[in-house]
Each structure stands twice: as structure tokens, then as C-alpha cells.
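A.B. asks:
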Amino acid sequence: MKSKNQILLFSIVLILITLVLMFYKVKYLNFPLFADDTTNIWNIQAKITFEPKENESAIISLALPSKQSKLLILNEESTSADYGYSTNKLHGVKKAIWSKREVKDKKEQVLYYSIDVIKDNYYKTKIPKIKQENENVEVSKPIIQAANSLLNNIYPKSADSITFTSLLIKEFNKKEPSQAANMIQNNFMKTQKEKRDTLIKLIKRMKYKARTVGVLYLKDKQRNVNLTPMLEVYKDGKWYLYDIDKGLVGNSSNIFIWQRGTQFLLDAEGVNNSSVKFSVIKNIVPARSAALMKDTKNQSALLDFSLFTLPNASQNTFKLLLLVPLGALVVVFMRVIVGLKTSGTFMPILLSMAFIETHLVPGILMFILVVTMGLFVRSYLSHLNLLLVARISSVLIVVVAIMAFVAILSQKLGLSYATSITFFPIIILSWTIERMSILWEEEGAKEVFIQGSGSLTVSILAYFAMTNSFLSFITFNFPEVLLAVLGVIILLGRYSGYRLSELYRFKSMVD
Amino acid sequence: MFANPFKLKERGILGMNNRNINFIGKYNNRKNFPLVDNKLKTKQIAQKHNIAVPELLGFIEYQVQINNFKHYIKNENGFVIKPAQGSGGKGILVITKTVGNKFIKPNGVELGYSDIKRHISNILSGLYSLGGKNDIAVFEKLVDFDDAFNGFSYEGVPDVRVIVYRGYPALAMMRLSTSNSDGKANLHQGAVGVGIDISTGKALNAVQFGDPIKIHPDTKKDLKELKIPYWKDILYLAAKCYEMTDMGYLGADIVIDKHLGPLVLELNARPGLAIQIANDLGALNRFNEIDKVAGKHLTVEEKVNYSSSNF
Chain A
1 MKSKNQILLF SIVLILITLV LMFYKVKYLN FPLFADDTTN IWNIQAKITF EPKENESAII
61 SLALPSKQSK LLILNEESTS ADYGYSTNKL HGVKKAIWSK REVKDKKEQV LYYSIDVIKD
121 NYYKTKIPKI KQENENVEVS KPIIQAANSL LNNIYPKSAD SITFTSLLIK EFNKKEPSQA
181 ANMIQNNFMK TQKEKRDTLI KLIKRMKYKA RTVGVLYLKD KQRNVNLTPM LEVYKDGKWY
241 LYDIDKGLVG NSSNIFIWQR GTQFLLDAEG VNNSSVKFSV IKNIVPARSA ALMKDTKNQS
301 ALLDFSLFTL PNASQNTFKL LLLVPLGALV VVFMRVIVGL KTSGTFMPIL LSMAFIETHL
361 VPGILMFILV VTMGLFVRSY LSHLNLLLVA RISSVLIVVV AIMAFVAILS QKLGLSYATS
421 ITFFPIIILS WTIERMSILW EEEGAKEVFI QGSGSLTVSI LAYFAMTNSF LSFITFNFPE
481 VLLAVLGVII LLGRYSGYRL SELYRFKSMV D
Chain B
1001 MFANPFKLKE RGILGMNNRN INFIGKYNNR KNFPLVDNKL KTKQIAQKHN IAVPELLGFI
1061 EYQVQINNFK HYIKNENGFV IKPAQGSGGK GILVITKTVG NKFIKPNGVE LGYSDIKRHI
1121 SNILSGLYSL GGKNDIAVFE KLVDFDDAFN GFSYEGVPDV RVIVYRGYPA LAMMRLSTSN
1181 SDGKANLHQG AVGVGIDIST GKALNAVQFG DPIKIHPDTK KDLKELKIPY WKDILYLAAK
1241 CYEMTDMGYL GADIVIDKHL GPLVLELNAR PGLAIQIAND LGALNRFNEI DKVAGKHLTV
1301 EEKVNYSSSN F
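Chains as they are written, first to last, in this note's numbering: chain A, 1 to 511; chain B, 1001 to 1311.
#1: Closer than 7 angstroms by beta-carbon distance: list the chain A residues that pair up with I1021 (chain B), in chain order.
#2: With distance defined between alpha-carbon atoms, name the residue in A:I257, A:K319, A:T165 and A:N254 nearest to I244 (chain A).
#3: For V336 (chain A), collect the residues of the same chain with a Cβ closer than 8 angstroms to its Cβ; drop the 5 residues on either side in sequence, then sort them by chain order.
#4: Per the DSSP calculation, I1256 (chain B) is bridged to which residue(s)?
#5: Using a Cβ-Cβ cut-off of less than 7 angstroms, give me the residues of the segment 1140–1174 of chain B that come near chain A, in sequence order.
#6: For K451 (chain A), which of A:Y463, A:A462, A:R435 and A:M466 has the nearest alpha-carbon?
#7: Would you give the residue range spanned by the alpha helix (DSSP H) that S508 (chain A) belongs to?
#8: Let's see if you can read the secondary structure: which residues bound the alpha helix (DSSP H) around P348 (chain A)?
#9: Please list the partners that N1122 (chain B) has in chain A, where partner means a Cβ-to-Cβ separation under 7 angstroms.
#10: Counting Cβ pairs, one atom from each stretch, are 3 or more of them under 8 angstroms apart for the segment 1192–1202 of chain B and the segment 1165–1174 of chain B?
#11: On a Cα-Cα basis, can you pick out the residue from B:K1031, B:I1123, B:I1120 and B:I1073 that is closest to G1100 (chain B)?
#12: Taking C-beta to C-beta, are R378 (chain A) and I433 (chain A) nearer than 8 angstroms?
#13: Assign M347 (chain A) to buried or exposed, taking buried as 16 or more other Cβ atoms, counted over all protein chains shown, within 10 Å of its Cβ.
#14: Can a CB atom of chain B be found closer than 8 angstroms to the CB of R378 (chain A)?
#15: Counting only beta-carbon atoms, is N5 (chain A) nearer than 8 angstroms to chain B?
#16: If I356 (chain A) sits next to Y463 (chain A), beta carbons under 8 angstroms apart, how far is it from one beta carbon to the other, in whole angstroms?
#17: Does K1214 (chain B) pass the burial test, meaning 16 or more other C-beta atoms within 10 Å, or should it be called exposed?
#18: List the residues of chain A whose Cβ lies closer than 9 angstroms to the Cβ of A1003 (chain B), in chain order.
#19: Can you pull the chain B neighbours of G339 (chain A), defined as C-beta to C-beta under 8 angstroms?
#20: So, helix, strand or coil for P325 (chain A), using DSSP?
#21: Along the chain, where does the alpha helix (DSSP H) that runs through D1115 (chain B) open and close?
#22: Which one of B:K1105, B:I1136, B:L1250 and B:N1077 has the shortest CA to CA distance from A1170 (chain B)?
#23: How many Å lie between Y380 (chain A) and P362 (chain A) at the Cα?
#24: Who are the near neighbours of F470 (chain A) in its chain, counting only those whose CB is closer than 8 angstroms to its CB and skipping five residues on each side?
#25: Ordered along the chain, which non-local residues of its own chain (more than five positions away) have a Cβ less than 6 angstroms from that of D267 (chain A)?
#26: Could you pull the DSSP bridge partners for Q222 (chain A) from this structure?
#27: By the DSSP assignment, the beta strand (DSSP E) with G84 (chain A) in it spans what residues?
#28: Using 8 angstroms as the limit for Cβ to Cβ distance, is S1125 (chain B) near chain A?
#29: In the DSSP assignment, find the unbroken beta strand (DSSP E) run with F473 (chain A) in it and report its ends.
#30: Against chain B, does N385 (chain A) count as a neighbour if the rule is that its beta carbon must be under 8 angstroms from one of theirs?
#31: Grouping DSSP H, G and I as helix and E and B as strand, with all else coil, what is L1038 (chain B)?
#32: Please say whether V215 (chain A) and T38 (chain A) have beta carbons closer to each other than 8 angstroms?
#33: Indicate whether at least one CB of chain A lies closer than 8 angstroms to the CB of D1280 (chain B).
#34: With a threshold of 16 other CB atoms inside 10 Å of the CB of F1023 (chain B), please say whether the residue is buried or exposed.
#35: I want to know whether the segment 2–10 of chain A touches the segment 71–81 of chain A - three or more CB-CB distances under 8 angstroms.
#36: Please list the partners that E441 (chain A) has in chain B, where partner means a Cβ-to-Cβ separation under 9 angstroms.
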């Protein structure tokens, strides 16, 4: 009884480990449970154009985005024909720098910088400290008065920097703004950028910390767009993002912040008419590759020791190998619960692996054909009175010949699939024929039929288990499922109840 | 189509999984299996324990010795060749008569020397042994079975299978060969199984291929009339096999020789479940009763007495 409990506990632990690992992988590493799950990868490209000045060296630098929570930057890439490329960090901002001593070509030059961004809800990073410098602008008295009256009006209604900024933005976006707001708007908010900068000035007048940001919306098929100006306000160790038209941004998962602070997005020396434009493209990739790509950034130990680290060829081997336990589960189930007679314990698994190579129906036909022909040959060989090993070897050679013959015949008939039969495990087939013929001699054709069809039934079921795309996807991506299979097999190994076949066998005893 | 498993359980019917886990796995120590699985070893140890067995004529271990077999059988009219490690009656060749260079099987089929040699060669190659390992061909004197079974068995040696549980005879049946079973006494090959009352040695009821029958299919003899001679001796012999092998769940196959009385033909560490059908009785009921008294009886006699007065 004690060992029974132990086994129960052991199996449950195995199954639980599997579930926990799977849950972790699905939930935190975003592994997909289904093969056709897809994820979006956003490709953001900055296109810098400029006209070089003759015989002058050129330095172009672009402020690069810093890390952002929930959005993971995957590949950074710059295409820069024949420009020198380097990156540099200045005042907390990373910059890409392209340089060239002499630009001979007078044509417009184009540089690209692109990144892939993927959403990852579990990715967290600190927002970098970037100073916002104040530029003093000469402002006329009436404007200052207007600003003061506006602020005096809003300030008492607010509680902190967050509410204050919200109210301020709301004030400027009213259908009928107050006179003061109107005045400021007309003078200093001709563009979105100016609007943002003015808002920051107003916020700073109240001694709140605020800074400028330039963002991109993650929407498909955007071409030649500029960064959308937004602002961030500081409170209690955190920065809050504001849309200057709509107020506080609650869900920033669709917004990629490219630029922070007052540094210029693009610095260009020795060139004319430089400009930077962005494009955003959505790429749909299988969720698994996305999860793996993310992992190269996050480095989870779980994946570091996974099958994905193997070379492709071995991965393919394991894809097939990992299915064998499923076949074994079918065999155990059919034996312990159903009680089906098979010839050889694991012959059905080998058969079903052969069926995977040949496809089911041709495989079954081939199996029946080869075994039947083999049985005839074997019955002739038994007259020759050979030693066992020699006889099995003879059967083996005959099996190879039969298979070659069938392959050639089917080729002539245009049934190309039958040629893949060569992968059939020949030894297994020879042994099957040998055992079947012994069985025939000793127990009659009936037993051969029972065991043969039992083996075939189990192997067909195992074939379906092993070719089920969902199951094969799960076993390869969640190899820990094998632990659960092990747990179930161990549980089945302690099943001491009646087999289905026994319910039939002993039926007469309870009627 | 199917029986209700709860009803089966109520009747105490032992299933295959239950047998494997809770009886064979629990009471039969793996290291004792070769004693039982290897008929040559069984024979040798049985002689040491004074348990009567059919006479060993000799054995052949290597292919080159095959021609020696004539030497073993020269004085015998009938003999049996069996693989030492065969199971389920596989590879047993029974010769009832020798006429010149011809060997005659119970069903009248004549075999020549080469047929016998081929059979021995197959045995040595491991064709009939568990897992196909090399085997030994054992030559045994043919049992001249008791007249009590005249008309009950067709072309073969009838034997008594006694299931010994923890040293107590628990269930018994007579296995009668038929034309279907080719002189062999294995139920799945078509032999008739007759349940035997442990206390009296008389027939209870009979089955063939799992179906109840009243008369022997070949000889038409009424199976109810079957009464086994030397019954107490048979129970004693079977129970002694427990002492010899230390197997808590054991099937002892016993034949009755006209001159020598009961002989242990072979032992089985994995006796089948058909005996329940032949007895129309669930084995678990008996086993549970034995579990209650196990340890109270120390000698073989006490155990046999308990069984014959309680079952």
C-alpha cells in the first residue's frame, strides 16, 4: 500500500512539474500552445536623407531609442553604403554616428537604421535619466500674464503633477478654450512640436519635472512619418507619458518612444537638407520564433538548455524521437487497459514509425503484402531444414527483395509513394514474419491473425498519436511533457483493475 | 458484450493486471524465476527435494551434440523433447511410439530423424525460449498415464494444474488435450479445462475456449464423471513445490503415471487465469481466505489439510 502511495505521489509530482514548466513557458516566455499562433514583430526604420557638400567631411548622428518596458528591441541594423558607422553615448542618450571624410557623390545620400520591436509584457527596464535643459525664450508681458492667470486657475484644482498636467492639456484642447489659453495657443502652438514645448514650459513654471519625447505608433504600413511629439511628467520616481491632445496615456504598449529629452534627433555636419523619416511595418512571425528571439535577449536558463540550442539536423531527429514516448503510451494503454494482444511489445511503435515514413495507407498495404509474401517464402524455407539464424537471415534477404520488387512495380505503375518503403525496418519485418510463421505452425492461423491485427491496430493508433500535429508540436516545444507521459505510464503500470478484454473473457462467469 | 467490472470484482475474479502486480510481483521473487522457468533446473532441484518428476533421459546443449539424441532414446518407446526455457507449451514434441526409423506423434503423424534433429536445433537456437536466448533441449521419459483418464483425454497426456498460493493449494483443474490441442494441455490451444474440487478431487465443471461444455469434444465422455486418483498426494506434491521454489503464486502441473503415481511435470511462475472459468470461481475469494490464515500453518500437511477441509 505504501509503495502504491509513493507511486501515486511520484506520478503526480511529475505531472505537476510538467504543468508548472509549461505554464511558465506559455505565460512568461510567451511560448505558443498551438502551432499556428503568430505574433507581430514591428520593424521600425529610420531613413536619413541629406545632400553632401562637395569635398567636405560629413558626420551624421542620430539619437537612438533606449530600452523600454514591455517592448523589446531585437535587431539593430544600419545600412550605410560606404560610411563609417559607430555608436556613442552622450548624456545618457545612445547615438548612431555615420561619418565620411570626403563625399564625392553629389547625389542625395540615404542612410538607414532599423530595429525590430516585439511586445513582451514581462520585460521591464528603468527609464533612463535624461536631463531636460531649459531654453529661455523672450516672451512678451501679456503672454506671461495670460500664462499666470491660466496656471492660477488650474493649479488649485489639481493635486499633483499628474492631475495638473492632465488639466492643463484638457484646457488647451477644449472646444472653447479660455481667453488666456487661446492667446497662448495662437502665439506659441502653431505646430504640435511647439505645443508640446510650450506645455512643458508651463508645467515647469509650477516646478514640476517634465521632458519631451518623440514617439512612433506601432501601426502597420506607416511610411515617411515623423516622430509624434509627446511629453513625460515625473512623479514619485516614475515618468508618466502624455499625449498632448488626449492627456495621460494609459496603455503605452502601442507606442514606441524613440527620443527623450532636448537633444536633437538628428545632427548633421557638413551636409545640407538633412532629414529623418520613419517607417513602421508589421511582420507576422510564428509565436515560437518570436519567443525564441525574445529569449536571446532575456536569456532564460530554461531555454538555454532546450532542444532549440541543437543544430537543425539533430532537432529534426529529436522531433521524431520525442514522439516515441507517445507511441509507448499508446502501447501501454492498449496492453494494460484494453488488453490487446500484439506480437512483440514495441513492434507496434517501430511499425508506426515506419508508417510515418511511408504514410498510413500505403504503409499498411505494404505491411500486409510483405508479411503475407514473407510467410509463403518462410513456409518454403522450413522445408529446407535450416538453422534458425540462417533461416531468419534468408527471410531478411527475401524481405529486401520483396520490398525492392514492390518499389519498382509501384514506380512503373506511377505510385511514387511506395518507393519510400525502403525505410521500413527490414529486420523487424523479418522477425515478424519468422514469429508469425512459428505462431502459425504452433497455434494456427487464428492466432497469427489475432496477434497480427492487434499489432496493426496498436501501430495505427500509435501512428495517429505520433502524427497528430498538436501533439508533435507540444512534445517538441515542451519536451517536459515527457515527464507527464512518464507519470501517466507509471500510473498505468500500477493499474490492477480489469482489462477491457477480460470483461469480455470472464463475461460467462457473472451472467 | 462486456461484463460489469464491479460484478466481476464481487465474484472475486482475478484479472491479469491484478495478478501481475499484486501476486506475481509481490510473492514471486525475480531471482527464483530461473528455477521455475528452466525445466532442467526444476527437475534437478525437485530430485533434491524428493519431489517426484518424470525421468530425465538427457539433455542437449550444443548443436554439435544433436546426433547424440539417439543415445538418449534408444531404450525408450515414447519420449518427450522440450525446451528447458519454453513457455506456454511451445516447442514440446511428444513421441508416443518408435517404429524403426519413424517417430510417431500422438496424432499419428510420422516424423523422421531429420525432423527430430531440426526440432532440437530450433530449440537450441532459442526459437521457443523467452526472449530468444539459446536454450537446452531436454529429453524426458514419456509418462504412461493412469487408466483413470481413459476416454477423458485425446492423444495426449492429461495433467492437473494446481494453483498454490503462499503454500496452500487454492484452485485446481484438469487439463485434457483434444484434437485441437495436438496432444498438448494448454487451454488457449484448445485443451479442455475441468475445474476440480480441492476437497474431493472430483470434477466441478468444464470449459473449452472459454465456453462451458459437458462432454469431451473428441471422446464424447461425460466430464462430470472425472475423479482424480491420488488426490491428497497431488495436493501434497503441489504444496511442496512452494517450499522448494519459495514462490508465493505458483502453478504446479502434475501428471499421474500408471506405475509411479503423481509426478510434477513442470512449474509455472505465471499461471493463467482460465482456471477461474473452469472452476466457475473467482480466485481472489480463495486468496483472501488464505491471507487470513497464512502463517498459522507451518507444515505442508497442515496447509494441505486446511485447503482440503475449507475449499
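Ideal Cβ placement from N, Cα and C applies to all residues, glycine included.
C.D. replies: On the basis of the supplied data:
#1: R494 and S496
#2: A:T165
#3: L492, G493, Y495 and R499
#4: B:P1262
#5: none
#6: Residue identity check: residue 451 (chain A) is Gln in the sequence provided, not Lys. For the residues A:Y463, A:A462, A:R435 and A:M466, the minimum Cα distance to Q451 (chain A) belongs to A:R435.
#7: K507 to V510
#8: M347 to T358
#9: L388
#10: yes
#11: B:I1073
#12: yes
#13: buried
#14: no
#15: no
#16: 7 angstroms
#17: exposed
#18: Y498, E502, L503, Y504, R505, F506, K507, S508, M509, V510 and D511
#19: M1016
#20: helix
#21: Y1113 to S1125
#22: B:L1250
#23: 27 angstroms
#24: F34 and A35
#25: S61
#26: A:V280
#27: G84 to L90
#28: yes
#29: Unbroken run through F473 (chain A) is the alpha helix (DSSP H), S469 to N477; no beta strand (DSSP E).
#30: yes
#31: First, the residue type needs correcting, since residue 1038 (chain B) is Asn and not Leu in the sequence shown. It is coil, neither helix nor strand.
#32: no
#33: yes
#34: buried
#35: no
#36: Chain B residues near E441 (chain A): none, gap ~10 angstroms exceeds 9 angstroms.
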